[in-house]
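Protein chains: 2
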Amino acid sequence: MATGTNTRDRLLAAAADLFYREGVTATGVERLCTAAGVSKRSMYQLFPTKDVLVAESLAAAGPDTNRMFLPDDAETRPRERILHVFRVQEEVATEPDFAGCRFVNTATDLRDPTHPAAAVARDFKQQLTDWFAAEARAGGAKDPALLAKQLTVVFDGAAARAVVTDPDLDGLSVTTATTLLDAAGVA
Amino acid sequence: MATGTNTRDRLLAAAADLFYREGVTATGVERLCTAAGVSKRSMYQLFPTKDVLVAESLAAAGPDTNRMFLPDDAETRPRERILHVFRVQEEVATEPDFAGCRFVNTATDLRDPTHPAAAVARDFKQQLTDWFAAEARAGGAKDPALLAKQLTVVFDGAAARAVVTDPDLDGLSVTTATTLLDAAGVA
Chain A
1 MATGTNTRDR LLAAAADLFY REGVTATGVE RLCTAAGVSK RSMYQLFPTK DVLVAESLAA
61 AGPDTNRMFL PDDAETRPRE RILHVFRVQE EVATEPDFAG CRFVNTATDL RDPTHPAAAV
121 ARDFKQQLTD WFAAEARAGG AKDPALLAKQ LTVVFDGAAA RAVVTDPDLD GLSVTTATTL
181 LDAAGVA
Chain B
188 MATGTNTRDR LLAAAADLFY REGVTATGVE RLCTAAGVSK RSMYQLFPTK DVLVAESLAA
248 AGPDTNRMFL PDDAETRPRE RILHVFRVQE EVATEPDFAG CRFVNTATDL RDPTHPAAAV
308 ARDFKQQLTD WFAAEARAGG AKDPALLAKQ LTVVFDGAAA RAVVTDPDLD GLSVTTATTL
368 LDAAGVA
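Chains as they are written, first to last, in the numbering used here: chain A, 1 to 187; chain B, 188 to 374.
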């Protein structure tokens, strides 16, 4: 079967990879099918349009994208759990294929908040903000919801800096998160 | 003359507009020449490659892009001058054609730090950071260079939030900058 699960998984993986490395709009269906080793006919049997594939590949890649920043359960202190995210970000930003945040890039690239993939991007970004909020609450933050949004802003702004200015964030991500944690009373 | 100053200006303006609204990679030379009302032959007489046009159009649009956020000389208090930038950002983010930061988007879209336009993006972003640093110094910040980088991170992170999550920043940009100013001792 050319349209079985493997074909679907190969397409989703190739799409997530190419959309991240080369851009959503920049990656044509032709290039994508070649990379996945799948015919265009098979692709369109599984995904009626490129837009659907963009949304589904982002939905498939999203959980791992967020999860890689999160601490394991061994770390229980909310402040340290939050700072862990920014420490990982500083490492990830220096990787040769780092190209910024997958969700921000997709939403920006599409420039259409009504696109199905824009909703997926928003949901995953919200998941990170919700995670920050839960930790902030556990850490006794004055205003956990505000702190969570501020931390998300720092996360995305630091990613932008890594792309535009310097992949070596040199502690900026962690330092800025620390300042916000201190101000919010998360000791 | 089809290759005079007007042709050049029309191409630079159309390029800056389309690259911002639709993306650098997504905008082909054909589309660009049609928008500018210029033949491809004329374009290539003025700009040997699309890459050169991308860099020159960003260099031409850059000063106004940064300047629109800055206060006029009537405001002399460093803290207020810095917060002005974030107040303007909150307004700009709600404009229908807002698509994030022009410099960040170009660098991300190109995914090539050696591209001539990536250097232009870096320079203009650095100009904003340098402006923040000068104001932070005037305002008595403990570490003006660090605060300037932190403020730039907030600026770019808030722009990302406006694109991904909600164009209404609802004070987040100003509130976060305020927290950092307070922590840095800029009263």
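Note that CB positions come from ideal geometry on N, CA and C, so glycine has one too.
Within the region 60–91 of chain A, no residue has a Cβ lying closer than 9 Å to any Cβ of chain B. By the rule that beta-carbons nearer than 8 Å mark a contact, residue 309 of chain B touches chain A. For residue 8 of chain A, no Cβ of chain B is located within less than 8 Å of the residue's own Cβ.
Taking all protein chains shown into account, residue 255 of chain B has fewer than 16 neighbouring C-beta atoms within 10 Å of its C-beta and is therefore exposed. Here residue 285 of chain B is near residue 354 of chain B, since their CB atoms are less than 8 Å apart. In its chain, beyond the 5 residues on either side, 326, 368, 373 and 374 have a beta carbon closer than 7 Å to the beta carbon of residue 266 of chain B. By the Cβ neighbour-count rule, residue 336 of chain B is buried, with 16 or more other Cβ atoms within 10 Å of its own. Chain A has a Cβ within less than 8 Å of the Cβ of residue 362 of chain B.
When rounded, the separation of the alpha-carbon atoms in residue 141 of chain A and residue 38 of chain A is 50 Å. The Cβ atoms of residue 160 of chain A and residue 291 of chain B lie closer than 8 Å to each other. Excluding five sequence positions before and after residue 245 of chain B, the CB atoms of its chain that fall closer than 8 Å to its own CB belong to 203, 206, 289, 290, 293, 304, 307, 308 and 311, given in chain order. If you check each beta-carbon in the region 94–108 of chain A against every beta-carbon of chain B, the ones closer than 8 Å belong to 99, 100, 101, 103, 104, 105, 107 and 108. Counting only residues of its own chain and dropping the five nearest sequence neighbours on each side, residue 25 of chain A has a CB closer than 7 Å to the CB of 109.
A straight-line Cα-Cα distance of about 14 Å links residue 154 of chain A and residue 84 of chain A. Judged by DSSP secondary structure, residue 96 of chain A falls outside any alpha helix (DSSP H); it is assigned neither H nor E. For a Cβ distance threshold of 7 Å, residue set 366 of chain B lies close to residue 180 of chain A, ordered along the chain. In its chain, beyond the 5 residues on either side, 356 and 360 have a beta carbon closer than 6 Å to the beta carbon of residue 277 of chain B.
Rounded to the nearest whole angstrom, the CA to CA distance from residue 50 of chain A to residue 218 of chain B is 22 Å. In the same chain as residue 234 of chain B, and ignoring 5 residues on each side of it, the C-beta atoms closer than 6 Å to its own belong to 240, in chain order. Taken in chain order, the members of the region 25–47 of chain A whose beta-carbon sits within less than 7 Å of a beta-carbon on chain B are 25 and 26. Counting other Cβ atoms within 10 Å of its Cβ, residue 301 of chain B stays below 16 and is therefore classed as exposed. Only residues of its own chain outside the window of five on either side were considered, and among them 133 have a CB closer than 7 Å to the CB of residue 145 of chain A, listed in chain order. Burial of residue 156 of chain A is indicated by the presence of at least 16 other C-beta atoms within 10 angstroms of its C-beta. The C-beta of residue 359 of chain B comes closer than 8 Å to at least one C-beta of chain A.
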